[in-house]
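A.B. asks: Numbering (our numbering), first residue to last: 119 to 260.
Even glycine gets a Cβ: it sits at the ideal position worked out from N, Cα and C.
To start, I am sharing the structure in question, which I have written as structure tokens.
Below, the structure is given as structure tokens:
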């Protein structure tokens with residue numbers, strides 16, 4: 119089984135390209151900064167993981183992901199190889215994103231909501247929703 123689950127922050131906005139052809143496909147590339155557990159000296163260590171999102175996931179990345187977002191990526195590890203201009207064989211290891219989840223706080227959620235016309239459906243900060251006082255107990259079916 120090839121499954122990778124990562125949580126971290128975007129280092130920069132995703133780079134978006136579209137494939138050529140009759141129906142172009144979005145390909146988003148971005149880097150995720152993922153904190154490791156602490157080193158021996160007590161300093162955090164960070165891995166910078168290259169992520170590729172293709173198709174609908176690429177379109178999602180283009181529309182919603184921005185530098186600094188805390189996200190979780192579920193995907194698979196892929197190793198690519200090619201020959202460079204000097205004839206040397208090169209390798210790249212990356213994660214192909216299959217799912218994205220936002221992990222940020224309320225301010226990040228509000229920033230996303232303000233950049234999109236959809237209503238904010240996040241819970242209030244105290245965890246309680248306001249009760250509509252116009253509801254009468256006689257109207258309840260129980």
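Any idea if residue 209 is buried or exposed, counting beta-carbon neighbours within 10 angstroms, 16 or more meaning buried?
C.D. replies: Residue 209 sits at position 91 when you count from the first residue of the chain shown. That one is exposed.
A.B. asks: Give the range of the alpha helix (DSSP H) segment to which residue 174 is assigned.
C.D. replies: Residue 174 sits at position 56 when you count from the first residue of the chain shown. Where residue 174 is concerned, the enclosing alpha helix (DSSP H) stretches over 174-182.
A.B. asks: Going by the DSSP bridge assignment, what does residue 125 pair with across the sheet?
C.D. replies: Within the chain shown, the letter at position 7 stands for residue 125. Per DSSP, 190.
A.B. asks: First and last residue of the beta strand (DSSP E) that includes residue 207?
C.D. replies: The sequence position of residue 207 within the chain shown is 89, counting from 1. Element bounds for residue 207: 207-220.
A.B. asks: Taking Cβ to Cβ, would you say residue 168 is nearer than 8 Å to residue 187?
C.D. replies: Along the chain shown, one-based indexing puts residue 168 at 50. Along the chain shown, one-based indexing puts residue 187 at 69. In this structure, residue 187 does not lie closer than 8 Å to residue 168 by Cβ.
A.B. asks: Just the Cα atoms here: how many angstroms apart are residue 136 and residue 211?
C.D. replies: The residue given as residue 136 occupies position 18 in the chain shown. The residue given as residue 211 occupies position 93 in the chain shown. Those two C-alpha atoms are separated by around 21 Å.
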